[in-house]
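**Q**
Chains as they are written, first to last, in our numbering: chain F, 602 to 1169; chain V, 602 to 1169.
#1: Indicate whether at least one CB of chain V lies closer than 8 angstroms to the CB of residue 907 of chain F.
#2: Check whether the Cβ atoms of residue 945 of chain F and residue 621 of chain F lie closer than 8 angstroms to each other.
#3: Return the residues of the stretch 610 to 632 of chain F that lie within a Cβ-Cβ distance of less than 8 angstroms from chain V, sorted by chain order.
#4: Counting C-beta neighbours from all protein chains within 10 Å, is the total for residue 913 of chain V 16 or more, i.e. buried, or is it exposed?
#5: Runs of 3 residues minimum, wholly inside the stretch 973 to 1006 of chain F: which ones carry the beta strand (DSSP E) assignment?
#6: Taking all protein chains shown into account, do 16 or more other C-beta atoms lie within 10 angstroms of the C-beta of residue 1031 of chain V, making it buried, or fewer, making it exposed?
#7: What first and last residue would you give for the alpha helix (DSSP H) that runs through residue 1051 of chain F?
#8: Smallest Cα separation from residue 974 of chain F: which of F:1094, F:800, F:1027, F:688?
#9: Answer with yes or no whether the minimum CB distance from residue 754 of chain V to chain F is below 8 angstroms.
#10: Taking 8 angstroms as the threshold, find out whether the stretch 1067 to 1080 of chain F comes into contact with the stretch 1132 to 1144 of chain F through three or more Cβ pairs.
#11: Determine contact between the stretch 1031 to 1051 of chain V and the stretch 991 to 1000 of chain V, defined as no fewer than three beta-carbon pairs at a distance below 8 angstroms.
#12: Mind listing which residues of the stretch 705 to 733 of chain F have their C-beta closer than 8 angstroms to chain V's C-betas, in chain order?
#13: Mind listing the chain F neighbours of residue 1080 of chain V? Cutoff is C-beta to C-beta under 8 angstroms, in chain order.
#14: Cα-Cα, which of F:780, F:765, F:985 is closest to residue 916 of chain F?
#15: Pull the bridge partners of residue 1097 of chain F from the DSSP assignment, please.
#16: Closer than 6 angstroms by C-beta to residue 771 of chain F: which residues in its own chain qualify, once you throw out the five before and the five after it? Chain order, please.
#17: Determine, using beta carbons only, whether residue 902 of chain V comes closer than 8 angstroms to chain F.
#18: What residues in the stretch 827 to 861 of chain F have a beta carbon less than 8 angstroms from any beta carbon of chain V?
#19: Quick check on residue 890 of chain F: does DSSP put it in helix, strand or coil?
#20: Leaving out the 5 sequence neighbours to the left and right, which residues in its chain are closer than 6 angstroms to residue 1056 of chain V when beta-carbon positions are compared?
#21: Hey, does residue 991 of chain V have any beta-carbon neighbour from chain F nearer than 8 angstroms?
#22: In chain order, which beta strand (DSSP E) runs of at least 3 residues are fully inside the stretch 751 to 784 of chain V?
#23: Under 9 angstroms between beta-carbons, which chain F residues line up against residue 634 of chain V? List them in chain order, please.
#24: Using a Cβ-Cβ distance under 8 angstroms, would residue 772 of chain F count as near chain V?
#25: Return no unless some Cβ of chain F is closer than 8 angstroms to the Cβ of residue 682 of chain V.
#26: What does the Cβ neighbour count give for residue 737 of chain V, buried or exposed, with the cut at 16 atoms within 10 Å?
#27: Give the secondary structure of residue 1042 of chain V by DSSP, where H, G and I count as helix, E and B as strand, and everything else as coil.
#28: So, does the CB of residue 801 of chain V fall closer than 8 angstroms to a CB anywhere in chain F?
#29: Residue 813 of chain F versus chain V: which residues are under 8 angstroms apart at the beta carbon?
#30: Between residue 655 of chain V and chain F, is the shortest Cβ-Cβ distance under 8 angstroms, so that the two count as touching?
#31: So which of F:709, F:933, F:896 has the shortest CA-CA distance to residue 970 of chain F?
#32: So is the beta-carbon of residue 831 of chain V under 7 angstroms away from any non-hydrogen atom of the ligand NAD?
#33: Counting only beta-carbon atoms, is residue 810 of chain F nearer than 8 angstroms to chain V?
#34: Going by CA-CA distance only, name the one from V:1163, V:1091, V:1127, V:1060 that's closest to residue 746 of chain V.
#35: Pick helix, strand or coil for residue 624 of chain F, following the three-state DSSP scheme.
#36: May I have the straight-line CA-CA distance separating residue 941 of chain V from residue 664 of chain V, to the nearest angstrom?
As structure tokens, then:
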């Protein structure tokens, strides 16, 4: 409640003057009582002032026969993963009814630190939606990472008290958390009593108790209902995740329904969902539909998408329900079976007219984040021994195998072919000249190379190919244009998607980006990358040294299970 | 979570060192999942560090066959109403399992302002329970009240940020709230986003919408389930009240059970419950038992007594559940049918040894709060006209009737008798000399007078009798001893309960107080006060000008329905 205009709003609530807008006669979903009641909702200055048919509006919107829900909330997402601007993501997702976004700008912080976070905040300041930020908690994600910036407790302090900062973001480094490493404890203490997002796939027993003891309030990594229940018993709130890759909704919702769990401890999130998937199947509205299809009562699914999430983030006095004093964020749906979104309102205004516009100045330092020395041919050399550790790609998985193989060679150096590709990760933040080189089985590219500056979590420049010349060309091209994706064949640059904003995002517009991206992916498959292996998603995860079994960073090949680098 | 000792606690959670205490093998009530699971709870330094039989304790407490619940929470109470010290109330109620108290020191603030609030805070600092304070919002309760202190937004500011201050207390003045009167809006704005306790008996429609718009988050005045549902639909949390006088639990809980309402929007409170009733029937444990008797599932009743209330007051990261990071406040009960409390722990320590000790220095100004000029005989004169407004006492009610009667008289002045008593209210805070006089039907005292400095909300000195001499003696005696209750018969003081602390409370110990009080009440009945009329409770409410129909203040007889004083 903004008390500056309370006196005026109270007059409307008392019925002495008309409301600016009355949403008349819809079936209003009441997330408090679980009822659906035909009534009217009076709105002035973006705030709900009263519920009831007695209110009269200067403007009236007839909702007869329709259903009015509170705006949907995405409990956890990384905006950067869409490779378009945050505003452009919102443009797509708000039309699906998602009016609130709890965002962890982990990627932006890894590249540009506080400047990256400020970019996310600025870019979403004026969108017709509520975008809140959780402080990225693990930047760098591991002590030996070569990322762009360190974002520690001292850096975070400037954000404490900012009403758009709700707490500590995805605490992926559960080892430091459970182990009470001071650098992590400082961050936990800084957000004492505030929400702290968890990331604890499979964590259990002693370690899970210690993780919850640290004040981690929720988790979005559960993939089975048993895992859900162990975490719920310790008080963790569960974000049921349904994104582009990770799709955990069905087993969890079926478990909730079958065991008649109290749903107040659950909500929905997308984590990472691509724009094209949002366009095709929807966003949080898709979660609601899928939950209903799994047997959940529609109002319970809507509660998971609204008030439950608002409560987890202490936003429930303003968001997540249709009641006096709440912000007038509404989703009009045709019925509670299809949950087909027909109109969406943010602060009482129809959002359909919103089109994201590029905001970042052309001379912004965030457009100049590729700082790497030119790579010399010999930096791509990989000496071959009796046997080498090889990263084996597994179709439809982001985990890899760890093979030990005698590699093809010439003069003691690895020579890539269609069976064994070469991969290199070039440090691109601080001109350190570090280049890690390794071998990959199962990628099968021939006659060229593909490269990316999107490479979780440090976002160095990753390239994979079957010959050094094309790899060097791809590296050089991305250096020159300041980041993005590129594909080289037989010495020629065939496709490029520039991602000038931190090497992560484009503001050229989704349609432009998507056309070039689709062509690039199709071409990669033609060059031998098997179906079931998404070349750019693979590249974006092969440098993430927390996913088993083998990864590669600018310092070389890393054995995740042993938590150590493999010696040359 | 206190991060100062997190490193040590995390070692216990990880199982590397034993816990200080393990509560072994009880049936643990899980308020998150609704399950009751046999397991063990590890506690170190007053904090729950882990759940599971794998934990080992330096000390172990065997709970085999018992049930372990989180400590119970009283969602709203006025400590002063017990007439003993806050610590003494806690001593009684904590043994019933109530380990957390959300207190509104409305009476203390009306007499002594910030000093009164500080007294409540200080007195409960070291008790084996968590006592939180809501800022009294209506001091004075009405603009024309002669109370001790004005406690406005400027005075409140000093408490904002104090971790024991949770929000704005019982907003009784719903007229100013709904009407957006600036003096009230300032207080509402000061606690923006924090809990705000409501007091809205029967408020409905437009006015209720405006009241909720003002950010009032809960209500404890509902007496019917229909009233509950109107408030729940607008998002208000409902404290189901079961005190000494107001007993609203049964119809509300039966409504919840019959309509299968989601219980997350409900909790319990006592509001005002006398020590003798706590002793006889219990406190929040009594609410649980009664709710179960009304058909509620035991775990749901326990949720209402624990986590639901903790969430309403943003305490749920520390209180209201048995999970890592929570304070080790436990209630051990024999089973979930009787809910018979066998042991209670606060921060892991057994509370049974706690005995409240007087703390307030003998020379504290809070012991010198009766500041009234001697009352002259003619100040008790009440001129009689053709007819006078008479306050009619209704047995077993605190509302009164409004009669218009030709009163017995001599020389144009009212002469009390056994049918019509005289009542006087003497301003006792600022030596103003104001005395209001009126007539009461239905009290029937003869041969004396009874007086009290407990008189909601302004706590002036109230006296009722059948002759002026005994009334003057009673007034003078309470002036002399600094407040309390006294009964005079035929010119002699028969019984006195001194309430030296603000004229509201005694630190002589409940047994002493209770013995004299019982004798005084018995004597009053012998002097003619009918059964069904509690003489001191009546006196304490007759000066409260918000309860229909007629009241009396130092300014005279007040018509609550017309909201005006009665002339002459």
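Glycine included, every Cβ here is placed at the ideal spot set by N, Cα and C. All values reported here derive from a predicted model rather than from experimental measurement.
**A** From the atom records:
#1: In the first chain, counting from the first residue as 1, residue 907 of chain F sits at position 306. The beta carbon of residue 907 of chain F sits no closer than 8 angstroms to any beta carbon of chain V.
#2: Your numbering for residue 945 of chain F matches position 344 in the first chain. Your numbering for residue 621 of chain F matches position 20 in the first chain. No, they are not a contact pair.
#3: Interface annotation for the stretch 610 to 632 of chain F against chain V: 610, 611, 612, 614, 615, 616, 631, criterion Cβ-Cβ distance under 8 angstroms.
#4: In the second chain, counting from the first residue as 1, residue 913 of chain V sits at position 312. Per the 10 Å Cβ criterion, buried.
#5: Segments of the beta strand (DSSP E) lying fully in the stretch 973 to 1006 of chain F: 989 to 994, 1001 to 1006.
#6: Counting from 1 along the second chain, the entry for residue 1031 of chain V is found at position 430. Sixteen is the threshold: since fewer than 16 other Cβ atoms of the shown chains lie within 10 Å of the Cβ of residue 1031 of chain V, the residue is exposed.
#7: Numbered from its first residue, the first chain carries residue 1051 of chain F at position 450. Counting along the chain, residue 1051 of chain F falls outside any alpha helix (DSSP H), though it belongs to the beta strand (DSSP E) covering 1049 to 1053.
#8: Position 373 of the first chain, counting from 1, holds the residue named residue 974 of chain F. Closest in alpha carbon position to residue 974 of chain F, among F:1094, F:800, F:1027, F:688, is F:1027.
#9: Numbered from its first residue, the second chain carries residue 754 of chain V at position 153. It does not; no Cβ of chain F falls within 8 angstroms.
#10: No, because fewer than three Cβ pairs between the stretch 1067 to 1080 of chain F and the stretch 1132 to 1144 of chain F fall closer than 8 angstroms, the two stretches do not touch.
#11: With the cut-off at 8 angstroms, the stretch 1031 to 1051 of chain V and the stretch 991 to 1000 of chain V touch.
#12: Going along the stretch 705 to 733 of chain F in chain order, one finds no residue with a Cβ nearer than 8 angstroms to chain V.
#13: For the purposes of this step, residue 1080 of chain V is identified with residue 479 of the second chain, where counting begins at 1. Chain F residues near residue 1080 of chain V: none, gap ~43 angstroms exceeds 8 angstroms.
#14: Counting from 1 along the first chain, the entry for residue 916 of chain F is found at position 315. The residue with the shortest Cα to Cα distance from residue 916 of chain F is F:765.
#15: Position 496 of the first chain, counted from the start, is the residue given in the question as residue 1097 of chain F. According to DSSP, residue 1097 of chain F bridges with F:1087.
#16: Position 170 of the first chain holds residue 771 of chain F. Cβ within range, chain order: 705, 798, 800.
#17: The residue you call residue 902 of chain V lines up with position 301 of the second chain. It does not; no Cβ of chain F falls within 8 angstroms.
#18: Within the stretch 827 to 861 of chain F, the residues whose Cβ lies closer than 8 angstroms to some Cβ of chain V are 830, 833, 834, 835, 836, listed in chain order.
#19: Position 289 of the first chain, counted from the first residue, corresponds to residue 890 of chain F. Of the three classes helix, strand and coil, the one that applies to residue 890 of chain F here is helix, per DSSP.
#20: Counting from 1 along the second chain, the entry for residue 1056 of chain V is found at position 455. Correct list, in chain order: 1063, 1141, 1144.
#21: Start at 1 with the first residue of the second chain, and residue 991 of chain V comes out as number 390. False, the Cβ-Cβ gap to chain F never drops below 8 angstroms.
#22: Under the rule that a run must span 3 or more residues, the beta strand (DSSP E) segments found entirely inside the stretch 751 to 784 of chain V read 766 to 772.
#23: Position 33 of the second chain, counted from the start, is the residue given in the question as residue 634 of chain V. Ordered by position in chain F, the residues that pass the 9 angstroms Cβ test against residue 634 of chain V are 830, 833, 834, 860, 862, 863, 866.
#24: For this step, residue 772 of chain F is matched to residue 171 along the first chain. With a threshold of 8 angstroms between beta carbons, residue 772 of chain F makes no contact with chain V.
#25: The residue labelled residue 682 of chain V in the question sits at position 81 within the second chain. Under the 8 angstroms criterion on CB atoms, residue 682 of chain V is classed as non-interfacial with respect to chain F.
#26: Start at 1 with the first residue of the second chain, and residue 737 of chain V comes out as number 136. Buried, since its Cβ has 16 or more Cβ neighbours within 10 Å.
#27: If you number the second chain from 1, residue 1042 of chain V lands on position 441. Three-state DSSP puts residue 1042 of chain V in a strand.
#28: To locate residue 801 of chain V, count along the second chain from 1; it is residue 200. Chain F contact via Cβ: absent.
#29: The residue given as residue 813 of chain F occupies position 212 in the first chain. Residues of chain V whose Cβ lies closer than 8 angstroms to the Cβ of residue 813 of chain F are, in chain order, 924, 925, 926.
#30: Position 54 of the second chain, counted from the start, is the residue given in the question as residue 655 of chain V. Flagged as an interface residue toward chain F: residue 655 of chain V, by a C-beta distance shorter than 8 angstroms.
#31: For the purposes of this step, residue 970 of chain F is taken as the residue at position 369 of the first chain. The shortest Cα separation from residue 970 of chain F among F:709, F:933, F:896 belongs to F:709.
#32: The ligand NAD is not part of the structure shown, which contains no ligands of any sort.
#33: As a position in the first chain, residue 810 of chain F is number 209, starting the count at 1. For residue 810 of chain F, a Cβ of chain V is located within less than 8 angstroms of the residue's own Cβ.
#34: Looking up residue 746 of chain V in the second chain gives position 145. Considering only alpha carbons, the answer is V:1060.
#35: Here residue 624 of chain F corresponds to residue number 23 of the first chain, with the count starting at 1. In the structure shown, residue 624 of chain F sits in a strand (DSSP, three-state: E or B).
#36: Reading the second chain from its first residue, position 340 is the one you call residue 941 of chain V. Reading the second chain from its first residue, position 63 is the one you call residue 664 of chain V. Rounded to the nearest angstrom, the two C-alpha atoms are 14 angstroms apart.
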